[in-house]
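Everything below concerns the one structure shown next.
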Amino acid sequence: MPITSKGSRPRARVSGPCVRSSPRRQKPLVYLCALLILVQSTAVLGALELQLDEEQPAGTIVGDISAGLPPGEIGGLYFISDHESTGVSNDLDIDETTGIITTARRLDREERDHYSFIAVTMTGVTVEVSITVNDINDHAPAFPKKKAVLKIPEHTAVGTRFSLEPATDADEDQLTIQGYAVREGNIGQAFRLETKRAANKVLYLDLVVNGLLDREKRSLYTMVLEAFDGGSPRRMGSMTLEVIVTDINDHAPVFNQTRYHAIISESLPQGSSILQVSLESCPCSDSESIHQEQFFCLHIHVVQGPLNFKDFLYLFRCLQ
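Going by the working numbering, the letters in the sequence shown line up with residues 1233 to 1552, in that order.
And the structure:
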């Protein structure tokens, strides 16, 4: 793992006691007193910027404090000034004799991405050390749910959008989510995906109707959606999306034949059935095996006088 550093640069003079010894690095009181006197007198400042990738094993060398000393200055015993909130004392090991900085544990950028502390030599030279933890592709995109169901009416206009819950990735920048794709199940390219990255850096996802949806031809699409990041190799996460195409009233009832014939007697009693017809109330899709039929009867009704054919009224009981 390459370790980079930037050399020292002249900095403004500091005043006041700015150094304290870490509890893990206690030194004799006489050294501390001498150090404070030197720092308040004429301190020379240097700067050191280091970086390393996250998730490196404990004991990984981060850098050498002496690399940040101004030209002509020689290191030696270092006193380290830091605060508990910086995480330096828990996450880093600093050899106060050699100035070598190593990791005390695996560093996680998602927990802390930066460390800083001040190192002071016995001659009063102060080095400001800054350590940046670089992101690596250690997280895969993940959808909130492994399976989602979306209902869309048939004949929905092409271009209609339906928002889906976006995937998330704890990595940052190019290592976070860069796009989505339909891996399988998009029969006839009935849908397409469109994305938009918001100010919060989340890549939001819309399912867009891309073709005619006809429930009588297909009532269900089971698609696998995939989110991928920008790593090399890239990491991916997937979910199953079921799109149910719901029915609309786009079909009139259809009789099983266009003309019916019946022969009746003029002495047929009132209320007698003349004939029976059937109709299909809604065509069904290929994936359904239900054949819906309704049966109706035509009846005769006497208005007045003796029974004869012209006095019959054919009453049609309507589909409910």
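Note that the Cβ used here is the ideal one computed from N, Cα and C, for glycine as well.
Helix, strand or coil at residue i [DSSP, three-state]
i     : result
G1308 : coil
V1390 : coil
A1380 : strand
I1297 : helix
T1318 : helix
D1323 : helix
T1375 : Here the sequence assigns Phe to residue 1375, which means Thr is not the residue at that position. Here F1375 sits in coil by DSSP.
P1303 : coil
S1395 : strand
P1385 : strand
G1503 : coil
L1284 : strand
A1459 : strand
S1451 : coil
L1277 : strand
L1444 : coil
D1438 : strand
V1246 : Reliability of the predicted coordinates at V1246 is poor, the pLDDT of 33 falling under 50, and the value obtained from them is presented with this limitation in mind. It is coil, neither helix nor strand.
A1290 : coil
T1330 : coil
S1521 : Any reading at S1521 must be qualified, since the residue scores a pLDDT of 39, below 50, and its modelled position is unreliable; no value is offered.
Identity of the residue in the options nearest residue i by Cα
i     : options                    : result
A1402 : V1390, A1430, D1367, H1315 : D1367
T1364 : P1376, R1341, A1380, L1457 : R1341
V1414 : K1433, R1447, F1460        : F1460
E1458 : A1351, A1372, M1354        : A1372
M1455 : L1439, D1446, E1448, K1449 : L1439
R1467 : T1358, A1399, L1277, E1316 : A1399
F1423 : A1431, H1315, D1314, L1445 : L1445
Q1406 : F1394, K1433, G1300        : K1433
E1397 : E1281, E1426, H1315, Q1502 : E1426
T1388 : R1447, R1429, Y1347        : R1447
G1300 : Q1489, V1352, K1449, K1428 : V1352
E1281 : S1313, V1359, I1306, D1323 : V1359
D1345 : M1471, G1417, S1464, E1404 : E1404
S1362 : I1350, G1356, N1369, D1370 : I1350
S1489 : Q1502, E1498, G1304, Q1508 : The question names Ser, but residue 1489 in the sequence shown is Gln. That would be Q1508, whose Cα lies nearest to the Cα of Q1489.
S1395 : L1473, G1304, P1303, Q1283 : L1473
L1309 : D1323, S1348, Y1347, T1355 : T1355
I1384 : H1493, L1437, P1501, D1479 : D1479
Y1492 : S1348, I1506, S1313        : I1506
L1284 : R1429, A1430, Y1347        : Y1347
P1465 : E1416, D1370, A1431, E1305 : D1370
K1428 : R1393, S1451, G1417        : R1393
A1374 : G1319, L1435, Q1421, E1316 : L1435
G1319 : P1303, G1304, L1339, P1302 : L1339
V1451 : S1321, E1386, H1315        : Here residue 1451 is Ser; the residue named in the question, Val, does not match the sequence. S1451 has its Cα closest to that of E1386, out of S1321, E1386, H1315.
N1322 : A1430, E1343, M1471        : E1343
M1471 : G1417, G1503, A1430        : G1417
Integer Cβ distance of residue i from residue j, believed to fall under 8 Å
i     : j     : result
G1443 : V1390 : 7 Å
I1496 : Y1453 : Not really, about 52 Å apart at Cβ, beyond 8 Å.
G1469 : V1357 : Their Cβ separation, rounded to whole angstroms, is 50 Å, which puts G1469 and V1357 out of contact at 8 Å.
L1382 : V1475 : 5 Å
I1326 : I1306 : About 18 Å; that fails the 8 Å criterion.
Contact between the region 1292 to 1299 and the region 1311 to 1331 (3+ Cβ pairs under 8 Å): yes
Beta strand (DSSP E) segments (min. 3 residues) lying fully within the region 1397 to 1434: 1409 to 1416, 1423 to 1429
Start-end ranges of the beta strand (DSSP E) lying completely within the region 1332 to 1368, minimum 3 residues: 1332 to 1335, 1346 to 1353, 1357 to 1366
Any 3 or more C-beta pairs closer than 8 Å across the region 1375 to 1384 and the region 1405 to 1412: no
Three-pair Cβ contact test at 8 Å for the region 1335 to 1353 versus the region 1281 to 1294: yes
Contained beta strand (DSSP E) runs [length at least 3] in the region 1464 to 1499, N- to C-terminal order: 1468 to 1478
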